[in-house]
Amino acid sequence: MKSIEIQTLIIGFTSALCLISCTNLQRSSDSGFGSGSSRYIDQGQRENQHDRSFRQTAYELGKDPNSLSQNDLADIHSHQKARDLEKSLNSKKEKEQYSKVLPWLKNDDEKISFLSIPSLEGRQQWINSHRIWDRSQVPQAEMKALIETQDIAMGMPQEYVKRSWGDPLSVELSGNPLYKNERWKYQRLSSSPSGYRKETRYVYFEGGRVVGWETE
-16 MKSIEIQTLI IGFTSALCLI SCTNLQRSSD SGFGSGSSRY IDQGQRENQH DRSFRQTAYE
44 LGKDPNSLSQ NDLADIHSHQ KARDLEKSLN SKKEKEQYSK VLPWLKNDDE KISFLSIPSL
104 EGRQQWINSH RIWDRSQVPQ AEMKALIETQ DIAMGMPQEY VKRSWGDPLS VELSGNPLYK
164 NERWKYQRLS SSPSGYRKET RYVYFEGGRV VGWETE
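Number 99 in the working numbering belongs to position 116 of the sequence shown; there are no gaps in the numbering.
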């Protein structure tokens, strides 16, 4: 009888220890227990942020996020990837190199190709092998015609705008100067029925290329 009583006491004592240790147990945030609701909330917030970023990128590219083709989706993903790679530039030299070459890159695919190279020297070799600086010296036929008639067009690089209209009176920056999102101000004389009048023009750039203009 005594041995049975001792065994009963041992079992009871062990159970008590288990209850005490279990109440003091610290659960991992990734365990799926206890704080599971906040975990799902965090995931939902990330999904909402991703959706907002996706829709914003679509609008930036002039696309309707509610009606996208496969080509549209590919363009949006390429644009977002290029943006992410731009954010990975760390050193001043890397940023200066990219800022100089940016207006001469034709599209997001070229940006991705350039920015995916892991070294400054490798990117310089890419610039040389793709003859990027030749683009600034020899405009395409359409751009050359615009420069000769002192006109501008969508997608025109800043250097070509200078060749067509000259240096701007002032330059305003939007956001990080690295990305060459700028507004240039010009004043020109234009003819009217009552003679010549001073006209103020603003040219808007994103990534160093014309995205629009207005006249006052």
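Virtual Cβ for every residue (Gly too), placed ideally from N, Cα, C.
Check	Outcome
Report yes if the CB atom of Lys78 is closer than 8 Å to the CB atom of Leu72, and no otherwise.	yes
Under 8 Å between the Cβ atoms of Leu85 and Gly191?	yes
Runs of 3 residues minimum, wholly inside the segment 111 to 194: which ones carry the beta strand (DSSP E) assignment?	153 to 156, 165 to 175, 178 to 189
When you compare only the Cα positions, how much space is there between Leu161 and Val154?	14 Å
Start and end of the alpha helix (DSSP H) containing Glu79?	75 to 84
What does the alpha-carbon distance come out to for the pair Val186 and Gln123?	21 Å
In the structure shown, what three-state DSSP assignment does Glu197 receive?	strand
Might you give, ordered along the chain, the residues of its own chain that have their beta carbon closer than 7 Å to the beta carbon of Ser119, omitting 5 neighbours on each side?	Trp87, Glu142
Let me confirm a value: Met126 is counted as buried when at least 16 other C-beta atoms fall within 10 Å, else exposed. Which label applies?	buried
Answer yes if the segment 132 to 151 comes into contact with the segment 163 to 176, meaning at least three C-beta pairs across the two stretches below 8 Å, and no otherwise.	yes
Considering only their Cβ atoms, is the gap separating Ser50 from Lys163 smaller than 8 Å?	no
Short of 6 Å in beta carbon distance, which residues of its chain neighbour Lys204, apart from the five on each side in sequence? Order them along the chain.	This structure cannot settle anything about residue 204, because the visible part of the chain is limited to -16 through 199.
DSSP on Lys94, reduced to helix/strand/coil?	helix
Return helix, strand or coil for Ile100, following the three-state DSSP convention.	coil
Use the C-beta contact count for Lys94: other C-beta atoms within 10 angstroms, 16 or more gives buried, fewer gives exposed.	buried
Met139 to Leu129, Cα distance in whole Å?	10 Å
Helix, strand or coil for Gly105 per DSSP?	helix
Can you tell me whether Leu68 is helix, strand or coil according to DSSP?	helix
Check Ser36 in the structure and name its three-state DSSP category.	helix
Return the Cβ separation of Asp91 and His62 in integer angstroms, given the expectation that the two are a contact with Cβ distance under 8 Å.	5 Å
Leaving out five residues on either side along the sequence, give the residues of the same chain with a beta carbon under 7 Å from the beta carbon of Arg146.	Ile130
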